[in-house]
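Below: one structure, written as structure tokens.
Numbering (the working numbering), first residue to last: 1 to 371.
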């Protein structure tokens with residue numbers, strides 16, 4: 001068996017990317033326990049079938065508990081079923097999925113390893129199926145944390161990270177859409193951190209809270225907003241928020257707006273921010289009387305909407321020309337559309353199709369690039 005041969009060289013392993021295909025493999029791999037002297041990076045996952053059948057109530061797996069050089073771990077099993085040297089990790093990616101995420105309350109495991117990760121610089125918690133994360137303990141201090149990926153407001157409220165530079169908030173479930181902004185604001189204020197990059201995934205843009213986040217982040221350089229749906233409320237909030245970029249984020253250099261609509265629309269979605277409001281904010285970026293984003297150098301709008309093939313989703317010919325002038329002036333401006341047909345009013349030289357899938361039979365992966 002190949003694995004048995006490889007296991008003879010376990011003391012020399014530096015990187016291990018392993019997927020459990022059956023429970024017997026776990027027992028077999030136990031033979032390397034205590035022999036992982038050189039292991040630095042571990043990526044471990046289980047197939048959906050084994051995750052469903054795993055005896056989760058059994059004693060946690062200790063195969064990787066003693067690996068003195070281990071610094072980076074990526075787990076797709078449910079981390080507290082593994083004993084790991086959390087105190088020495090620099091990067092930890094914890095991905096929950098399947099019935100395990102839906103059925104169990106997990107704060108005990110997450111709280112435990114968070115308290116042990118005193119050296120961690122990057123922490124990612126994924127799990128769109130996480131539903132039962134009950135309130136966690138407050139004041140979990142991660143003094144060296146620089147990048148945080150999370151989508152549960154209870155996680156955001158619990159962590160204090162004075163050196164935090166990047167926050168990526170991905171929505172776990174719909175219940176958190178309105179809570180994540182206030183939780184993020186609390187974290188920024190408690191940590192006293194100087195954020196450079198914020199990614200907000202499908203949050204409800206409560207205007208006052210969003211502006212407060214910008215005000216609390218004067219060092220912000222990158223802002224990425226993603227949405228899986230678009231409606232009148234999002235339109236209204238976004239139109240109110242754009243003008244606040246004038247004075248709140250003087251170091252902002254990059255703004256991305258990404259709309260990935262999941263459900264097919266019978267009409268072209270109304271997205272007025274694609275037109276005058278956003279363009280005016282960019283055009284006036286160096287006018288200190290009305291703007292405070294003089295360093296803004298890159299704006300990307302990516303819209304994936306499911307519409308009928310004869311519908312046109314476009315910022316309009318005149319606005320495309322304005323975007324193009326910004327690009328000619330040095331602005332990294334791009335506008336992508338997936339779905340619908342070309343805008344006949346836009347000159348061909350500023351509108352072209354770009355295929356983002358090697359399969360030529362997949363029109364859904366063709367996108368129209370303006371400017």
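Ideal placement from N, C-alpha and C gives every residue a C-beta, glycine not left out.
Closest Cα partner of residue i within the set the options
i, options, result
"residue 40", "67, 61, 31, 280", "67"
"residue 330", "283, 82, 310, 319", "283"
"residue 216", "261, 186, 37, 204", "186"
"residue 62", "91, 37, 31", "31"
"residue 26", "9, 60, 8", "60"
"residue 177", "206, 316, 321", "206"
Contact check, residue i vs residue j, beta carbons under 8 Å
i, j, result
"residue 278", "residue 252", "no"
"residue 42", "residue 64", "yes"
"residue 151", "residue 169", "yes"
"residue 88", "residue 70", "yes"
"residue 160", "residue 140", "yes"
"residue 195", "residue 219", "yes"
"residue 225", "residue 257", "yes"
"residue 223", "residue 204", "no"
"residue 303", "residue 313", "yes"
"residue 254", "residue 298", "yes"
"residue 148", "residue 123", "yes"
"residue 92", "residue 116", "no"
"residue 201", "residue 171", "yes"
Contacts around residue i, its chain only, beta-carbon distance under 6 Å, and the 5 residues preceding and following it disregarded
i, result
"residue 15", "41"
"residue 45", "19, 76"
"residue 95", "76, 126"
"residue 11", "35, 37"
"residue 166", "147, 197"
"residue 259", "227, 230, 303"
Neighbourhood of residue i by C-beta, 7 Å cutoff - its chain only, sequence neighbours within 5 removed
i, result
"residue 144", "119, 120, 121, 163"
"residue 17", "43"
"residue 296", "252, 253, 255, 282, 285"
"residue 360", "Note that residue 360 has pLDDT 44, beneath the 50 cutoff, so the model's placement of it is unreliable and no number is given."
"residue 7", "31, 32"
"residue 210", "181, 241"
"residue 310", "341"
Cβ-based burial, residue i [other Cβ within 10 Å; buried from 16]
i, result
"residue 5", "exposed"
"residue 112", "exposed"
"residue 183", "buried"
"residue 13", "buried"
"residue 236", "exposed"
"residue 344", "exposed"
"residue 142", "buried"
"residue 3", "exposed"
"residue 233", "exposed"
Sequence-distant residues of its chain with Cβ nearer than 8 Å to residue i (five each side left out)
i, result
"residue 179", "153"
"residue 249", "214, 217, 218, 220, 223, 292, 293"
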